[in-house]
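So the structure is just underneath, and the comments pick up after that.
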Amino acid sequence: MQVSYKQPDEHGYYGEFGGAFIPEMLYRNVEELRENYLKIIADPSFQKEYTLLLADFAGRPTPLYYAGRLSEKYGTNVYLKREDLCHTGAHKVNNTIGQILVAERLGKKRIIAETGAGQHGVATATVCALKGLECVVYMGEKDIERQAPNVARMKMLGASVVPAKSGSKTLKDATNEAIRDWINNPNDTFYIIGSVVGPHPYPDMVARFQSVISKEIRAQLKEKTGTELPTAVMACVGGGSNAAGAFYHFLDEPSVDIIAVEAAGCGIDTDKSAAATQLGKPGVLHGSRSYLMQTEDGQVEEPYSISAGLDYPGIGPMHANLFVTGRGRFLNATDKEALQAAFELAKLEGIIPALESAHALAALNKLKYTANDTLVICLSGRGDKDMDTYMREMKNY
Numbered sequence: 007m008q009v010s011y012k013q014p015d016e017h018g019y020y021g022e023f024g025g026a027f028i029p030e031m032l033y034r035n036v037e038e039l040r041e042n043y044l045k046i047i048a049d050p051s052f053q054k055e056y057t058l059l060l061a062d063f064a065g066r067p068t069p070l071y072y073a074g075r076l077s078e079k080y081g082t083n084v085y086l087k088r089e090d091l092c093h094t095g096a097h098k099v100n101n102t103i104g105q106i107l108v109a110e111r112l113g114k115k116r117i118i119a120e121t122g123a124g125q126h127g128v129a130t131a132t133v134c135a136l137k138g139l140e141c142v143v144y145m146g147e148k149d150i151e152r153q154a155p156n157v158a159r160m161k162m163l164g165a166s167v168v169p170a171k172s173g174s175k176t177l178k179d180a181t182n183e184a185i186r187d188w189i190n191n192p193n194d195t196f197y198i199i200g201s202v203v204g205p206h207p208y209p210d211m212v213a214r215f216q217s218v219i220s221k222e223i224r225a226q227l228k229e230k231t232g233t234e235l236p237t238a239v240m241a242c243v244g245g246g247s248n249a250a251g252a253f254y255h256f257l258d259e260p261s262v263d264i265i266a267v268e269a270a271g272c273g274i275d276t277d278k279s280a281a282a283t284q285l286g287k288p289g290v291l292h293g294s295r296s297y298l299m300q301t302e303d304g305q306v307e308e309p310y311s312i313s314a315g316l317d318y319p320g321i322g323p324m325h326a327n328l329f330v331t332g333r334g335r336f337l338n339a340t341d342k343e344a345l346q347a348a349f350e351l352a353k354l355e356g357i358i359p360a361l362e363s364a365h366a367l368a369a370l371n372k373l374k375y376t377a378n379d380t381l382v383i384c385l386s387g388r389g390d391k392d393m394d395t396y397m398r399e400m401k402n403y
């Protein structure tokens, strides 16, 4: 029975989306995780170590920053949840700390991961170094080229970075390669998935680890404004982990607008986009049923986005449920709109955002709010990794 928008039923379904569609060889590993993850997470010794690492290693709580000049421009109150100030430069470390502790308690000695923009790969390599575990990160060959600084960071942290050379050579293909590795190494290997995708229990487990974002937002808003509830919470969505974390503790608060922003690439009316809710339909990808871009005969369509972290053909099942039930509003931003938003934030607030986060910021131009409203935007990562792109585009902004 589904309890709320944020928790799946006992089979891992959010409404009609979710579940666990896996090869027989992975059944034992996924079932082992499903049977144990809630007990492990609830254990006081786990919570003590997780909370301590979030504070002393990851640098939490991250600030909730009132963006004064941005607020003045848009005539409303804009707060930025500064996940870009986490250790490793993005929200991804919230989840990798949690999953490495689960892996450790399950006795796993080898860690694999997939990554798009490299932020999840860096976060996974970081916690593997912390725990002294072998780390293999799969990354699309195209993403390796456009996210070179993060590739260097992973290698410096001791990880092996394996290029995915099939398909579009991006995140989808890296995920396929990681799943193949897991099938071939089911006994000693733990797969740290970086987003709220994959077979149950991954979407739920990742959302729980990322929910620290919205938990902090509520407490910080109370301190700064006198109320825990904003008018709206906004976040970019590829797979959707930062959005799941930012939305989590507001999903059962009907007064709070939930706004997800997908990557439209060159536009949803072109063949270069990654806006899954606008261009997709229900289907199964990477172990769960969700919304994904596919051809008429069910083949996955190649996505496109200037942002490597949003260059994914689907969304997590929690988000698919938010979309079809209308609990969440799903907007989209093109490459140009995201770049415009990134340069605007840099000039108005002195913050260079990740290209992923810039898509959420771009939604400010598409919405009308008043001086009495309060918006919270999840700034999921910092833009250091995207400087090559920003330098190429600088003359246009």
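Count the sequence shown with this note's numbering and you get residues 7 to 403, in order.
Yeah, the Cβ is synthetic: ideal placement off N, Cα and C, and Gly gets one too.
Model, not experiment: these values are computed from the prediction.
With DSSP as the reference, please indicate the residues paired to residue i in a beta bridge.
i: Ala-238; result: Asp-263 and Leu-381
i: Ser-296; result: Gly-289
i: Glu-343; result: Looking at the DSSP assignment, Glu-343 forms no beta bridge with any residue, so it has no partner.
i: Glu-268; result: Asn-338
i: Pro-205; result: Answer is none; Pro-205 lacks a bridge partner.
i: Arg-388; result: Pro-359
i: Tyr-396; result: Note: Tyr-396 sits in no beta bridge, so no partner.
i: Phe-196; result: Ile-117
i: Phe-23; result: Tyr-20
i: Gly-320; result: Leu-298
i: Val-306; result: Gln-300
Quick one: using the 10 Å Cβ neighbour count with 16 as the cut-off for buried, is residue i buried or exposed?
i: Leu-60; result: buried
i: Met-7; result: Residue confidence is low: Met-7 scores 48 on pLDDT, short of 50, so the model does not pin down where it sits. Its coordinate-derived value is still stated next. Per the 10 Å Cβ criterion, exposed.
i: Ser-172; result: exposed
i: Ser-217; result: buried
i: Leu-86; result: buried
i: Ala-158; result: exposed
i: Met-393; result: exposed
i: Gln-53; result: exposed
i: Gln-125; result: buried
i: Tyr-33; result: exposed
i: Tyr-403; result: exposed
i: Pro-207; result: buried
i: Glu-268; result: buried
i: Ala-377; result: exposed
i: Lys-374; result: exposed
Between the options, which has its C-alpha nearest residue i's C-alpha?
i: Gln-153; options: Cys-141, Val-212, Gly-246 and Thr-176; result: Thr-176
i: Ala-64; options: Gly-286, Glu-78 and Asp-90; result: Asp-90
i: Glu-308; options: Ala-314, Gly-315 and Met-299; result: Met-299
i: Leu-385; options: Glu-355, Tyr-396 and Arg-398; result: Glu-355
i: Asn-156; options: Ile-189, Ala-96 and Asn-101; result: Ala-96
i: Ser-174; options: Lys-148, Ala-165 and Asn-190; result: Lys-148
i: Leu-337; options: Ser-10, Val-239, Tyr-11 and Lys-353; result: Val-239
i: Asn-191; options: Ile-265, Asp-210, Pro-67 and Lys-115; result: Lys-115
i: Asp-317; options: Val-203, Ala-252 and Lys-178; result: Lys-178
i: His-365; options: Asn-402, Asn-193 and Gly-387; result: Gly-387
i: Glu-350; options: Ala-282, Arg-34 and Leu-76; result: Leu-76
i: Leu-70; options: Leu-381, Gly-389 and Val-167; result: Leu-381
i: Val-262; options: Gly-122, Arg-335 and Ala-213; result: Arg-335
i: Asp-194; options: Ile-118, Tyr-144 and Gly-304; result: Ile-118
i: Glu-22; options: Ala-270, Lys-278, Asn-182 and Arg-295; result: Arg-295
i: Gly-273; options: Val-306, Gly-244, Ile-265 and Ser-311; result: Ser-311
Using 8 Å as the threshold, is the segment 256-274 in touch with the segment 287-296, meaning 3 or more CB pairs across them?
-> no
Can you list, in chain order, the stretches of the alpha helix (DSSP H) that have 4 or more residues and sit fully within the segment 122-190?
-> 125-137, 147-152, 154-162 and 177-190
Can you give, in chain order, each stretch of the beta strand (DSSP E) that sits fully within the segment 84-127 and has at least 3 residues?
-> 116-121
Quick one: any contact between the segment 312-329 and the segment 128-143, if contact means 3 or more CB pairs under 8 Å?
-> no
Does the segment 101-110 touch the segment 192-207, meaning 3 or more C-beta pairs lie closer than 8 Å?
-> yes
Touching by the beta-carbon criterion (3+ pairs, under 8 Å), the segment 315-323 and the segment 41-59 = no
Three-pair Cβ contact test at 8 Å for the segment 355-369 versus the segment 213-230 = no
Fully enclosed by the segment 45-83, which alpha helix (DSSP H) runs are 4 residues long or longer?
-> 50-62 and 74-80
Below 8 Å, can you find three or more Cβ-Cβ pairs linking the segment 199-214 to the segment 225-238?
-> no
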